[in-house]
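As they're listed, the protein sequences go chains U and Z. One point on numbering: in UniProt numbering, the residue at position 7 of the first sequence is 7, and numbering is uninterrupted. One point on numbering: in UniProt numbering, the residue at position 95 of the second sequence is 95, and numbering is uninterrupted.
2 protein chains.
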Amino acid sequence: MVSKSQTKLITSLQQKKYRDQTGFFVAEGPKVIAELINEGIELQWLFTVDQSEIVAENHFLVDEKALKKLSFLKTANTSVAVFKIPKNESIKSIGLTVVLDAVRDPGNLGTIIRLCDWFGVQQLVCSKDTVDCYNPKVVQATMGSLARVAVHYTSLPQFLQNTTQKTYGACMDGNNIYSEELPKDAVIVMGNEANGISEEIMNMLNQKLTIPRYGEAQRAESLNVATATAIFLSEFRSATEM
Amino acid sequence: MVSKSQTKLITSLQQKKYRDQTGFFVAEGPKVIAELINEGIELQWLFTVDQSEIVAENHFLVDEKALKKLSFLKTANTSVAVFKIPKNESIKSIGLTVVLDAVRDPGNLGTIIRLCDWFGVQQLVCSKDTVDCYNPKVVQATMGSLARVAVHYTSLPQFLQNTTQKTYGACMDGNNIYSEELPKDAVIVMGNEANGISEEIMNMLNQKLTIPRYGEAQRAESLNVATATAIFLSEFRSATEM
């Protein structure tokens with residue numbers, strides 16, 4: 001059973017405002033939910049149409065109609081769960097850190113979180129106008145990776161002033177990333193989908209880097225921010241850990 | 001004005017069956033449409049709500065209501081165009097070729113076409129069960145890149161039997177891509193989102209390659225096929241063209 005007030009709360013969690021107020025977020029589908037539980041994210045409630053999934057007091061059996069009301073997906077899955085947003089530790093100046101300046105698309109953020117997880121990047125620092133990582137689309141796209149990468153939202157100028165690491169920015173007119181000697185520990189800044197890194201932030205960085213375009217035509221307009229992040233992480237990791 | 005039969009034809013083009021029958025595909029929005037025209041794709045009709053865009057006989061002014069009927073997008077843009085699907089030249093055995101084995105997601109195919117364009121890959125060879133490149137979602141995602149990369153749909157076993165180039169496949173248990181000496185000209189095969197490269201195809205390839213995972217946890221499940229393609233193209237290009 002799911003109460004009216006629970007339904008109201010859960011549907012409200014589609015909006016960041018209510019996630020911030022309540023400290024909860026929603027995940028859907030047995031695979032994503034199991035990954036988050038395995039990673040130690042605290043489960044508040046689980047609602048499922050599958051009796052066999054009910055193994056604890058805060059698990060509830062619901063019918064398909066009730067589940068559909070809770071779901072954010074076009075085609076509802078078999079379960080919906082409410083989790084507590086974990087508290088982040090403070091930002092550290094170690095390892096490789098990815099910084100996002102106003103990345104707006106949930107799919108891009110989700111892909112970047114998965115990339116961080118793959119390449120052992122433990123923290124992602126986002127400007128306050130970057131899309132929220134507990135947005136349902138991000139949660140569904142990242143699965144367990146969201147629990148393994150600490151995502152911080154903060155003032156980027158302040159973060160960049162305080163970091164002791166070398167800072168790099170991805171842009172169209174920097175040094176060729178393939179020719180640079182890249183350090184093991186660094187801060188890599190990726191910019192907004194349409195406008196790249198803002199001027200204020202770019203002026204604070206130690207070095208601009210560019211992925212060169214190949215071929216005759218050279219009319220390709222730009223790389224997507226997620227694919228550019230993939231190539232940056234691949235270059236930093238292969239340069240330093242071989 | 002847009003006739004009833006035109007409306008019917010255009011909305012039918014959302015389905016591959018009708019694109020194959022008619023040889024037409026649809027693009028939306030002034031930016032995408034201008035890119036395709038600039039690249040020499042033959043325009044059949046343009047429908048727009050913007051009088052200033054009407055500069056030829058096959059351009060038609062329509063009202064917003066009529067445009068909305070033609071549009072595949074949730075929020076219709078200001079213009080919808082019908083283009084002729086260009087005839088491909090035959091597949092060549094030169095340069096770097098990307099091969100897709102059953103990639104199903106239009107967003108992934110769109111991102112891969114943009115990557116091919118960026119890295120000067122002129123042909124993309126797809127299994128017949130790969131998503132159609134004239135699917136409206138792919139067209140919107142790739143913009144002009146779709147006109148600069150020749151996308152072929154063919155039998156992969158037949159293509160691989162006939163190619164004279166060295167063939168590589170992306171998988172989870174291959175050689176470390178960062179340690180391999182990679183040739184300038186090659187065939188790179190990327191697999192399906194959930195299942196990777198099929199066994200039949202994998203057995204035909206010269207070498208398996210893997211992007212190594214980093215970090216302590218190593219629990220990241222896999223990389224998305226588009227981000228893996230980004231890293232593969234980056235590695236082949238940076239290894240051979242420096």
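Even for Gly, the Cβ is constructed at its ideal location relative to N, Cα and C. In this text the structure is predicted, and so the values were computed from the model without any measurement.
Could you give the uninterrupted runs of the beta strand (DSSP E) lying entirely in the segment 188–239 of chain Z, keeping only those of 3 residues or more? Qualifying beta strand (DSSP E) stretches, in chain order: 207–210.
Could you tell me whether the Cβ of U:A66 comes closer than 7 Å to any Cβ of chain Z? In the first sequence, residue 66 of chain U corresponds to position 66, counting from 1. Not an interface residue.
Inter-stretch contact at 8 Å, needing at least 3 Cβ pairs: the segment 203–221 of chain U / the segment 104–123 of chain Z: In short, these stretches touch, since the Cβ pair count reaches three.
By DSSP, does Z:F159 sit in helix, in strand, or in coil? The residue given as residue 159 of chain Z occupies position 159 in the second sequence. Annotated three-state conformation of Z:F159 is helix, per DSSP.
In this structure, does DSSP put Z:Q122 in helix, strand or coil? Along the second sequence, read from residue 1 onward, the residue named residue 122 of chain Z stands at position 122. The answer is coil: DSSP assigns Z:Q122 none of H, G, I, E or B.
Mark Z:V55 as exposed unless 16 or more other C-beta atoms lie within 10 angstroms of its C-beta, in which case mark it buried. In the second sequence, counting from the first residue as 1, residue 55 of chain Z sits at position 55. It is exposed - the Cβ of Z:V55 has fewer than 16 other Cβ atoms within 10 Å.
With DSSP run on the structure shown, which of helix, strand or coil describes U:C116? Sequence index remark: in the first sequence, residue 116 of chain U carries index 116 (1-based). Looking at U:C116 - three-state DSSP - the assignment turns out to be helix.
Below 7 Å on C-beta distance, what does Z:T111 contact in chain U? As a working mapping, residue 111 of chain Z is identified with position 111 in the second sequence. Going along chain U in sequence order, the residues near Z:T111 (Cβ under 7 Å) are N224, T227.
Tell me which residue opens and which closes the beta strand (DSSP E) that U:V139 is part of. Stepping through the first sequence from its first residue, residue 139 of chain U is reached at position 139. Membership of U:V139 in any beta strand (DSSP E) is not indicated; the residue belongs instead to the alpha helix (DSSP H) covering 136–142.
Should Z:N195 be listed as close to the ligand ATP, given that the test is whether its C-beta is under 6 Å from any heavy atom? Here there are no bound small molecules, and the ligand ATP is not part of this structure.
For Z:E28, which of helix, strand or coil comes out of DSSP? Indexing the second sequence from 1 puts residue 28 of chain Z at position 28. Assigned with DSSP and collapsed to three states, Z:E28 falls in strand.
Check each residue of the segment 133–148 of chain Z: if its Cβ is closer than 8 Å to any Cβ of chain U, include it; give the result in chain order. Residues M143, G144, S145, R148.
Compare the beta carbon distance of U:Y193 and U:D101 with 7 Å and say whether it is the shorter of the two. Position 193 of the first sequence, counted from the start, is the residue given in the question as residue 193 of chain U. Position 101 of the first sequence, counted from the start, is the residue given in the question as residue 101 of chain U. Checking the sequence shown, residue 193 of chain U turns out to be Glu, not Tyr. Between U:E193 and U:D101, the C-beta gap is not smaller than 7 Å, which leaves the two residues out of contact.
Does DSSP classify U:K128 as helix, strand or coil? Your numbering for residue 128 of chain U matches position 128 in the first sequence. Reduced to three states, the DSSP call for U:K128 is coil.
Assuming contact is defined by CB atoms lying nearer than 7 Å, are U:A150 and U:L36 in contact in what I supplied? Translated into positions along the first sequence, residue 150 of chain U becomes position 150. Translated into positions along the first sequence, residue 36 of chain U becomes position 36. Contact: no.
Check this for me: beta carbons of Z:V189 and Z:G174, under 7 Å apart or not? Numbered from 1 along the second sequence, position 189 holds the residue referred to as residue 189 of chain Z. Numbered from 1 along the second sequence, position 174 holds the residue referred to as residue 174 of chain Z. Contact: no.
Using CA atoms only, rank isn't needed, just tell me which of Z:P86, Z:I112, Z:E39 is closest to Z:T97. As a working mapping, residue 97 of chain Z is identified with position 97 in the second sequence. Proximity to Z:T97 across Z:P86, Z:I112, Z:E39 peaks at Z:I112, based on C-alpha coordinates.
In the structure shown, what three-state DSSP assignment does U:K92 receive? By one-based count along the first sequence, residue 92 of chain U stands at place 92. Residue state for U:K92 is assigned as coil, using DSSP reduced to three classes.
Assign Z:T75 to buried or exposed, taking buried as 16 or more other Cβ atoms, counted over all protein chains shown, within 10 Å of its Cβ. The residue you call residue 75 of chain Z lines up with position 75 of the second sequence. That one is exposed.
Are Z:V80 and Z:L109 closer than 7 Å when you measure CB to CB? Locating residue 80 of chain Z in the second sequence gives position 80, counting from the first residue. Locating residue 109 of chain Z in the second sequence gives position 109, counting from the first residue. Here Z:V80 is not near Z:L109, since their CB atoms are 7 Å or more apart.
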